[in-house]
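As numbered in our numbering, residues 1170 to 1674 make up the sequence shown, in order. Working notes, beginning with the structure itself.
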Amino acid sequence: MMKCEKYGERRGAAFGLAGVVKGFRITSLKKYGIAATLQQGLEDRASAKSREGALLGFECLCEKLGRLFEPYVIKMLPLLLVSFSDQVLAVREAAECAARAMMSQLTGHGVKLVLPSLLKGLEDKAWRTKQSSVQLLGAMAYCAPQQLSQCLPKIVPKLTEVLTDTHPKVQAAGQTALQQVGSVIKNPEINALVPILLSALTDPNDHTKHSLDILLQTTFINSIDAPSLALLVPIVHRGLRERGVDTKKKAAQIVGNMSSLVTEPMDMIPYIGLLLPEVKKVLVDPIPEVRGVAARALGSLIVGMGEQIFPDLVPWLLETLKSDNSNVERSGAAQGLSEVLAALGKDYFDQILPDIIRNCSHQKASVRDGHLTLFRYLPRSMGAIFQNHLQAVLPAILDGLADENESVRDAALSAGHIFVEYYATTSLPLLLPAIEDGIFSDNWRIRQSSVELLGDLLFKVAGTSGKAILEGGSDDEGASTEAQGRAIVEVLGRAKRNEVLAAVY
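If you want it as structure tokens, here you go:
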């Protein structure tokens, strides 16, 4: 194995050695000094043949003995690193094969032992050590799937850092290592996108937006595996932190979609700590559209992965609803909470609703404002579940209409408009009496808002928006036609219609 002229003979001897060791059991490694001889062979600077032979033996032993050989693997690791930057090509190639064999047999425990020393090698001053650490990290792509999902979240960010190294050979090794990670992706859709994803990792400034576009246009038929996630997450994370509105929106959308496409929700967990803080920041973005996308992403994350992974999410949203800082933050939290409550289901909502209604009459204006804003988004996200609670919620809205604080009044009024928009046809018997009472309230503000809501309601019942403008642009804006008048009579009944119009009069 160490001295023969022909490669075939050395290779055959390596196989033979592995077979004999397997037959004699693992103790023979020590008994016949096999491990020590391999180590000497690797350290032999005089003969490239013995270095290559030792690596061939090492590879065959890894393959044939599997996890039993692991303790020796960890001991030989520093020598293997040196072999990667050997002067002789044959030795470097043997080192690569040996590394692949070694990684494919590593157990979870072995990964934990090997990873730290490789990551430490990346910080070394000598470029050769850096390069060989990167190459070994790339070989980790051949680990068993179980180990892959455990080590990739740590490896890929480090490899992307290497891409900006000062030494061109280290950069090239980083590229190759990322390509190796890309080559073990099982998902065919993402496999086809690997070159684009790698370009986004290499040059995030120019390619992040383009790769997010392409990901959103891709129709996923298969689920996403751990290696795919490892390449996707750094790009999405970068997208969430961009300043451009468009990029942020796309990245948030992909976060939401990812959770439903992952085979094992467990694969996503290592990345949640990275992505969730960024999604939270996007949720309080000044632009409403961006907030909406982030809110839906939070809802999808909870549906896809279960609430137990996000124990602090609802408390954080409730806390932000009370924030003094800005209207924008409260509005974002309200949107987020509405989607999260929709994801958590009816029972959870029934539990939390009394608290929300109580906070609508809190002494601090910002708290009232935040919780009334929540009612603006709940009909959209909860639909029919929320309709059953209208009776309990309406009094809080009417109280809000009379608030001394203008932003609280606005929040209550816009919630009222949304209620009318969503429930005018299905919950008319509930909404109409509440609005009629409001028309004769002692407080002029409630009277004013109720008349406005009544107008909304009547137009909704008549089946028009109330925005019609007469020809010639006269001032009778929102004039109704006879057909709409008939529609109102049909829905309310003549007596009720007369009552309502009399009240308006």
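Note that CB positions come from ideal geometry on N, CA and C, so glycine has one too.
Quiz item: Gly1307 and Ala1346: beta carbons closer than 7 Å?
Solution: yes
Self-check item: Boundaries (first-last residue) of the alpha helix (DSSP H) holding Cys1173
Solution: Cys1173 -> no alpha helix (DSSP H), and no H or E assigned at all.
Exercise. Take the Cβ of Glu1640 as the centre, count every other Cβ of all protein chains shown within 10 Å, and call the residue buried at 16 or more, exposed below.
Key: The predicted model places Glu1640 with a pLDDT of 49, which falls under 50 and marks its position as unreliable; any figure quoted below should be read in that light. Looking at its Cβ environment, which holds fewer than 16 other Cβ atoms inside 10 Å, Glu1640 is exposed.
Exercise. For my contact list, Leu1367 and Gly1351 are in at a C-beta cut-off of 8 Å; report their separation, rounded to the angstrom.
Key: 6 Å
Exercise. Measure the alpha-carbon distance for Glu1447 versus Gly1425 and round it to whole angstroms.
Key: 13 Å
Quiz item: Run through DSSP, which three-state label would Val1353 get?
Solution: coil
Quiz item: Using a Cβ-Cβ cut-off of 7 Å (strictly less than) and excluding sequence neighbours within five positions of Glu1498, which residues of its own chain qualify?
Solution: Val1453, Thr1489 and Ser1492
Quiz item: Where Phe1609 and Lys1665 are concerned, what is the direct C-alpha to C-alpha distance, given to the nearest angstrom?
Solution: 16 Å
Quiz prompt | Sequence-distant residues of the same chain with beta carbon closer than 8 Å to Val1669, five excluded per side | solution = Leu1601, Glu1605, Leu1623, Leu1627 and Leu1661
Exercise. Pull up the CB-CB distance for Leu1305 and Leu1250, whole angstroms please, since I reckon it's below 8 Å.
Key: 7 Å
Self-check item: Collapsed DSSP secondary structure at Val1509 in the structure displayed
Solution: helix
Self-check item: Candidates Ala1512, Ala1561 and Glu1590: closest to Pro1548 by CA position
Solution: Glu1590
Practice problem: Pull up the distance between the alpha-carbon of Gly1235 and that of Ala1313, whole angstroms please. | Solution: 12 Å
Quiz item: Mind checking whether Val1431 and Ile1393 have CB atoms under 7 Å apart?
Solution: yes
Quiz item: Taking the continuous alpha helix (DSSP H) assigned at Phe1544, which residues delimit it?
Solution: Ala1534 to Met1551
Quiz item: Tell me which same chain residues have a C-beta within less than 6 Å of the C-beta of Gln1349, skipping the five on either side of it?
Solution: Gly1307 and Ala1310
Quiz item: When you compare each of Gly1505, Gly1473, Ile1471 and Asn1496 to Leu1486 by their alpha carbons, which one comes out closest?
Solution: Gly1505
Quiz item: Which one of Gly1607, Glu1573 and Glu1174 has the shortest CA to CA distance from Gly1585?
Solution: Gly1607
Quiz item: For Ile1390, which of helix, strand or coil comes out of DSSP?
Solution: coil
Exercise. Using DSSP bridges, identify the partner residues of Val1431.
Key: Ile1393
Quiz item: Where does Asn1612 sit, in a helix, a strand or coil, going by DSSP?
Solution: coil
Quiz item: In its own chain, which residues sit with a C-beta less than 7 Å from the C-beta of Gly1210, not counting the 5 before and 5 after it?
Solution: Met1171, Ser1219, Arg1220, Gly1222 and Ala1223
Quiz item: Is it right to say Arg1537 is buried, meaning 16 or more other beta carbons lie within 10 angstroms of its own, or is it exposed?
Solution: buried
Exercise. Could you tell me whether the Cβ of Glu1221 comes closer than 7 Å to any Cβ of chain B?
Key: Among the protein chains of the structure shown there is no chain B, as only one such chain exists.
Quiz prompt | Nearest candidate by alpha-carbon position, reference Phe1518, set Thr1206, Ser1550, Asp1611 and Thr1633 | solution = Ser1550
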